[in-house]
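Student:
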Amino acid sequence: MHITSPAFKDNARAALDDDALQRALGNVRSGFIGKRAKAAAALPEFEQLRDAARDIKDHVLAHLDLYLEAYADKVEASGGHVHWAQSAEDARRIILGICEAKKARTVTKGKSMITEEIGLNAFLEEHAVTPVETDLGEYIIQLRGEHPSHIIAPAVHVNKDQVEEDFRRVHTHLDPARNLEEPTTLLSEARAVLRDKYFQADIGITGANFLVAETGSSIIVTNEGNGDLTQILPKTHIVVASVEKVVPTLEDMSQIMRVLARSATGQDMSVYTTLSTGPKRPEDPDGPEDYHVVLLDNGRSAMLGSEFQEMLRCIRCGACMNHCPVYHAVGGHAYGWVYPGPMGAVLTPSLIGVDQAGHLPNASTFCGRCESVCPMRIPLPKMMRHWREREFSRNLNPAAARYGLGLWAFFAKRPAVYHAAMRLAIGTLSRLGRRSGRFASLPFAGGWTRFRDLPAPQGPTFQAQWAKQRKSA
Amino acid sequence: MSADAAPAQTPPPAAPSPRVGLFVTCLVDLFRPSVGFAAVKLMEDAGCTVEVPAAQTCCGQPAFNSGDRADARDIAGAVIRAFEGYDYVVAPSGSCASMLKKHYVELFDGDPAAMERANLFSAKVFELVSFLTDVLGLDRVEAAFSGTATYHDSCSGLRELGIERQPRKLLQSVEGLELKEMQDSDVCCGFGGTFCVKYPDISNKIVSEKTRCIEESGAELLLAGDLGCLMNMAGKLKREGSRIEVRHVAEVLAGMTEQPAIGEKKRG
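Chains A and B supply the protein sequences, listed in that same order. The numbering of the first sequence is the numbering used here, which starts it at 18 and goes up by one. The numbering of the second sequence is the numbering used here, which starts it at 34 and goes up by one.
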C-alpha cells in the first residue's frame, strides 16, 4: 500500500475541506462514544476486566515464544499447517503459494487489518487471483478502490448516498429503477450479490481476533456472519494473524472478549463469535478440507523489550480513534497508511519507520482520552512522546522548531535572565495590545493568529508585580 | 468519563497554616497575573502562607512533549530544588500540576536518588482547585458573580488528576452564578501546547467544535482551570465575534473579576 504519512499535513487539510467526509465523521462522534460509555457503565466490573485483560496480554508478551510454539503445535496436531512469515513480503508469497497450489481463481475475505498491512489484495490481483471482500464496509471500499479509514468500521468515511451511487455503478445486472434509499435495501443488495461469491470462492481468508494456545483455535468476531461463510464454505481456509494475537487459554480469550465489543461498538458481544480449529474432521458436517495459519511478525518482535512493547496489547477495538479529537477532525485516511488514530500514531512508526510516520505521534494534543478508554490500558500518549524523543535524538523534527525550543530552553533554565527578558518582552506586548486587549496578527505568531486572536498580556508579569508588592510590604 | 478519571489522592492532613509555594505557571506569569493573585487570595483566605519562589520559569512541558528529555530533566530538577522547603506546591493549572506531579518522576529513570526526590516532591503538588477542596476541605467560597457560566474540563486536570466535580462544587457556592453545562465539556479544546501552532488547521477545527458547544450552552461566561486552553478558546471566540467572556475559574472563585476578561480591552 502506498504510504502517504509524510504528507500528513496536506492530507489533513484536504480532509478538512472535504464536506462529504466531514459529514460522515459526524457519525463517529455521535455514535460510538455514547454506546461505549453506556456499555461500560452497565457492567460494574468493567474496570477490573480492563486490568485483567491488560495482565493477560502482559503475561503473553513476556512469554510470547512459548505460547506461539504451543499454539503452532496444536494447529499441526489438529491437521492444520502453520507458516511463519517474518515480513509482509513473506506472508504474501506464502499465501500466493497456497493459492497457486490450489489453482485458486477467487478468494473470499473476512474483514482483516493484517491483510491490509501486507497489501494482500493488490498482490493477489497482480497474480490473477481475485479477492472478494465480504464484510459490508470492506466490500464498499473495495468497490470504491479505497482503503479502510477505521479499523473496525472501514467505510465510516462514506455516506449512504455515496454507497447508493457505487452500487448502481457496479451492480449493473440489477434493475436501474430499484429503490435504494433505505440502508436496509443497500444491505440486502450487498448480501444477495455476495451470496454467490461465497460459493464460487476456492479459498477463504480471514484474520483473527485471538489465537488460543491451549486449543490451536483461531477466533473471529463479526456482526454480519460473513466471516463464517468465508471460512466454512471454501475448500481451503487461510488464517492470517500477527504473532501478538495469541492468548494462553479459552478462558483468557473470553475475559478479553468481555471488554472488546463493549469498547468497540458498545455491544455486550459481537453478533458472531466463531472459533475454527483445524480442517474438517471426518465426523464434521462441513468445514474446509485444508487449514493454514500464516503467523506474521513484520516488525513486532523488535517491539518486544522496547518502550513500545505495551502497544502489542492492542486488540484493535478502535475505541482510541472513536474518542480522538484529531481523528474526528481529519478521519483515518489522513494518517497515510493502514492504522489511523492514536493506536496508529504509535504502531505505524514501529512498522514503517518514524522517518516516514513522524507526523503521526506529533499530531496529538495529548488530551489522554484514548488512554482513558483503551480496554487494554495502553499508555498511548506516553508512547507517542517516546516517538517524539526518538525523533528529537535523531534531529528529525524541523530545524525551526528545534531552534525555537533551544532558545526557549536557554531562558527557561536561567530564571534571572528569563524574568528580566520577559519583563521587557511582556511590557512591550502589553503596551501594543492595550487598546484592543488582543492581537489579530503578530509577527512570528502566524500559527496562532491565522485562526484565532491572541489575548494581550494584562501588564507587567506576575513575578514583577509580586516582587514589587513584597518590597513595599 | 468519571469512571476513568484518576481518583484524587487521599491528601496528607493539612497543617494548621500550611506553607504553600505557588507555581505560577509561565502563561499566568506572562499573560494573566490576576490569576496568580486570585490563587494567592484563595489560599490565604483558607489559612495558608503563600510564597512565590523567584527561581521558577516554566514546568518544562514544551521540552518534555517535544521529546527533549535532557532540557525537561534540567528544568524539573530546578523546579524541585526551588520548591524543596514547602508543605505544598500548588499551580493554577491542571496541565502544569500534572507535569510536576505525574511526569517529573518519569524523567529520572535510572537515577534512584533523583527519583526519590521527585517522588517526595510530586506528593506535595496539587492543582489549585483540587488543593482547596481535596486537601483543605473547602466546600464553598465567599464570592459573587452575577450571570451564567459554563465550565470546560481541561484534559490533563480531568484525566490525569481527576478534577471534575471540585470546581463545579465551588462554583455553585458563588452568589448569583448559574452553571450551564455545555455538550462535550470533557473534549479537548485543540490547544495541546505546541500542537496548536504545529498543526493549526486541525487545532482550528477542534476549537471550532468547542466554541460551537460553548455558544450552544447559552452561558455568558466561559470558565476553565488552564490558561493555555482559555487563551485558545477566548482567541477563537473573539475571532468569531462572540460576546461570551472568558476567565480562569480562580478569578471568579476569588471574587477578583474587576480586570477585563481574557482578550477584552480595558473598560472605560
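For every residue, glycine included, the Cβ atom is placed at its ideal position computed from N, Cα and C. As the structure is a prediction and not an experimental result, all values here were calculated from the model.
Let's test the definition: count the other Cβ atoms within 10 Å of the Cβ of A:R330 and tell me whether it reaches 16, buried, or not, exposed.
Tutor: buried
Student: Within the 8 Å Cβ cut-off, does A:K430 reach chain B?
Tutor: yes
Student: Could you name the residues of chain A that B:K238 contacts, counting a contact when the two beta carbons are closer than 7 Å?
Tutor: B:K238 reaches chain A at L33 and A346, counting residues in chain order whose Cβ is nearer than 7 Å.
Student: Using a C-beta cutoff of 8 Å, does B:K298 count as contacting chain A?
Tutor: yes
Student: Would you be able to state if there are at least three C-beta pairs under 8 Å between the region 350-362 of chain A and the region 127-137 of chain A?
Tutor: A contact exists between the region 127-137 of chain A and the region 350-362 of chain A.
Student: In chain B, which residues lie less than 7 Å from A:Y435 when you measure between Cβ atoms?
Tutor: Those are T90, listed as they occur along chain B.
Student: Helix, strand or coil: how does DSSP classify A:H403 here?
Tutor: helix
Student: What residue range is occupied by the uninterrupted beta strand (DSSP E) comprising A:S10?
Tutor: No answer is possible for residue 10 of chain A: the residues shown for chain A start at 18 and end at 490.
Student: On the DSSP bridge assignment, give the partners of A:S234 in chain order.
Tutor: A:V229
Student: Which parts of the region 178-241 of chain B are runs of the alpha helix (DSSP H), unbroken and 4 residues or longer, counting only runs that do not cross its ends?
Tutor: 198-205 and 228-231
Student: May I have the straight-line CA-CA distance separating B:A38 from B:A156, to the nearest angstrom?
Tutor: Summary for B:A38: the model assigns pLDDT 47, below 50, so the residue's position carries little reliability, and this model does not support an answer.
Student: By DSSP, does A:P432 sit in helix, in strand, or in coil?
Tutor: Three-state result, A:P432: helix.
Student: Anything in chain A within Cβ reach of B:V61, meaning under 7 Å, just list it in chain order.
Tutor: F479
Student: For A:D424, is the classification buried or exposed, using 16 other Cβ atoms within 10 angstroms of its Cβ as the cut-off for buried?
Tutor: Residue identity differs from the one stated: residue 424 of chain A is Leu in this sequence, not Asp. Exposed, since its Cβ has fewer than 16 Cβ neighbours within 10 Å.
Student: I want to see whether chain A comes within less than 8 Å of B:P95, judged by CB atoms only; does it?
Tutor: yes
Student: 8 Å is my cut-off, CB to CB: does A:R455 come that close to chain B?
Tutor: yes
Student: Using a beta-carbon distance below 8 Å, is A:W483 in contact with chain B?
Tutor: yes
Student: Would you say A:D372 faces chain B, with C-beta separation under 8 Å as the test?
Tutor: no
Student: Would a check of beta-carbon distances place A:Q475 closer than 8 Å to chain B?
Tutor: yes
Student: Counting pairs of beta carbons, one from the region 242-252 of chain B and one from the region 288-300 of chain B, are three or more of them closer than 8 Å?
Tutor: no
Student: Quick one: give me the first and last residue of the beta strand (DSSP E) that B:L254 is part of.
Tutor: Bounds of the beta strand (DSSP E) holding B:L254 are L254 to A257.
Student: Since A:V256 is in the beta strand (DSSP E), which residue starts that stretch and which ends it?
Tutor: T253 to S259
Student: Evaluate B:P40 with the Cβ neighbour count: other Cβ atoms within 10 Å of its Cβ, from every protein chain shown; 16 or more gives buried, anything less gives exposed.
Tutor: Reliability fails at B:P40, whose pLDDT of 49 lies under 50, so the model's placement of it is uncertain and no value is given.
Student: Does A:V276 get closer than 8 Å to chain B when you measure Cβ to Cβ?
Tutor: no
Student: Given this structure, state the Cα-to-Cα distance separating B:L194 from B:F159, to the nearest angstrom.
Tutor: 9 Å
Student: Taking 8 Å as the cut-off, decide whether the C-beta atoms of B:A115 and B:P86 are in contact.
Tutor: yes
Student: What are the start and end residues of the alpha helix (DSSP H) that includes A:R110?
Tutor: Per DSSP, A:R110 belongs to the alpha helix (DSSP H) from A105 to A118.
Student: Below 6 Å CB to CB, which residues in the same chain sit around B:P51 once its five sequence neighbours on both sides are set aside?
Tutor: C81, D120 and Y121.
Student: Given this structure, state the Cα-to-Cα distance separating B:S275 from B:L171, to the nearest angstrom.
Tutor: In a straight line, the C-alpha of B:S275 is about 34 Å away from that of B:L171.
Student: Compare the C-beta of B:V230 with all C-beta atoms of chain A and state if any pair is closer than 8 Å.
Tutor: yes
Student: Is A:G244 closer than 8 Å to A:G97 when the C-beta atoms are compared?
Tutor: No.
Student: Between A:G295, A:R46 and A:L33, which has its C-alpha nearest A:H309's C-alpha?
Tutor: A:G295
Student: Straight-line CA distance for B:E214 to B:L191?
Tutor: 15 Å
Student: According to the neighbour-count rule (16 or more other Cβ atoms, all chains shown, within 10 Å of its Cβ), is A:V434 buried or exposed?
Tutor: exposed
Student: Under three-state DSSP, which class holds A:E87?
Tutor: In the sequence on display, residue 87 of chain A carries Ala and not Glu. Here A:A87 sits in helix by DSSP.
Student: I'd like to know if the region 340-348 of chain A and the region 220-235 of chain B are in contact, where contact means that at least 3 CB-CB pairs between them fall below 8 Å.
Tutor: Short answer: they touch.
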